[in-house]
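Inspection log for the structure reproduced underneath, given as structure tokens.
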Amino acid sequence: SCVSFILYFKSQELIFHKRHGVGKTSLLVQFDQGKFIPGSFSATVGIGFTNKVLTVDELKVRLQIWDTAGQERFRSVTHAYYRDAQALLLLYDITSRSSFDNTRAWLTEIHEYAQDDVVIMLLGNKSDMTSARAIRREEGEKLAREYGVIFLETSAKTGLNVDEAFMTVAKELVRCSVQLPVEPRFHLHDVMQPENEPSACCGFS
Ligand SMILES: Nc1nc2c(ncn2[C@@H]2O[C@H](COP(=O)(O)OP(=O)(O)OP(=O)(O)O)[C@@H](O)[C@H]2O)c(=O)[nH]1
1 SCVSFILYFK
11 SQELIFHKRH
21 GVGKTSLLVQ
31 FDQGKFIPGS
41 FSATVGIGFT
51 NKVLTVDELK
61 VRLQIWDTAG
71 QERFRSVTHA
81 YYRDAQALLL
91 LYDITSRSSF
101 DNTRAWLTEI
111 HEYAQDDVVI
121 MLLGNKSDMT
131 SARAIRREEG
141 EKLAREYGVI
151 FLETSAKTGL
161 NVDEAFMTVA
171 KELVRCSVQL
181 PVEPRFHLHD
191 VMQPENEPSA
201 CCGFS
């Protein structure tokens, strides 16, 4: 048995027209290939995606991860993808205050465009760059708490929490889809028993 989910991966960073990528592509490469390829990724243009299959409680979960351009000029393109995504990964760079400030704006925006039961994860990337850190871990945790979303600090370079981040999202997606009592979006009842207690895990709390 296999279930599929669409993940939408987003970051945004524009400083005086100079691009400072927060590491989306690097994080996906680390997740996909288990290695860090430094430097020189060409800026993501438009939208690309990676497919990964994870196993959650013996259930195969296919994640279709859409890597989207952070740049403002692609906004109208990327808005269309909010609606289809079951999970949103919002990435900021712990060495960049502006990338962190942007996440608050997205969290508000998501309310408007995303499905109500979307799983949201906030990720603070480049956690290996301790001497350049501009955002304390507690600030990330606080923002995540405020919006009721999951939070982790990651490093595409060292691989810290990279697998954990996607595994956490996959588990949450399975848990949330199992809990839909009336019209399950995924027919999981053959393989898993629905839990009795509904929880506020899905979507904004
Ligand atoms: N030290 C460190 N550097 C990183 C990390 N992740 C990415 N980088 C570096 O940051 C720069 C930008 O990374 P990209 O992966 O291209 O960023 P991006 O978010 O995909 O950029 P766009 O697709 O244009 O939005 C590159 O020089 C990477 O090598 C990390 O976890 N630690």
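Per the UniProt record's numbering, the very first residue in the sequence shown carries number 1; after that it's consecutive.
For every residue, glycine included, the Cβ atom is placed at its ideal position computed from N, Cα and C.
query                                                                                                                                                      : result
Residues bridged to L28 by DSSP?                                                                                                                           : Answer is none; L28 lacks a bridge partner.
From R133 to D93, what distance separates their C-alpha atoms?                                                                                             : 9 Å
Please classify residue 207: is it buried, with 16 or more other beta-carbons within 10 angstroms of its beta-carbon, or exposed?                          : Nothing can be reported for residue 207, as the shown portion of the chain is limited to 1 through 205.
Within this structure, are the beta carbons of T95 and K126 separated by less than 8 Å?                                                                    : yes
Identify which residue in V61, F31, D101 and S99 has its Cα closest to the Cα of Q86.                                                                      : V61
Keeping to the same chain, check which residues put their C-beta closer than 7 Å to that of F49; ignore five residues upstream and five downstream.        : Q64, I65, W66 and D67
Closer than 6 Å by C-beta to K157: which residues in its own chain qualify, once you throw out the five before and the five after it? Chain order, please. : F36 and D128
Have a look at the DSSP bridge pairing and note the partners of G124.                                                                                      : Y92 and E153
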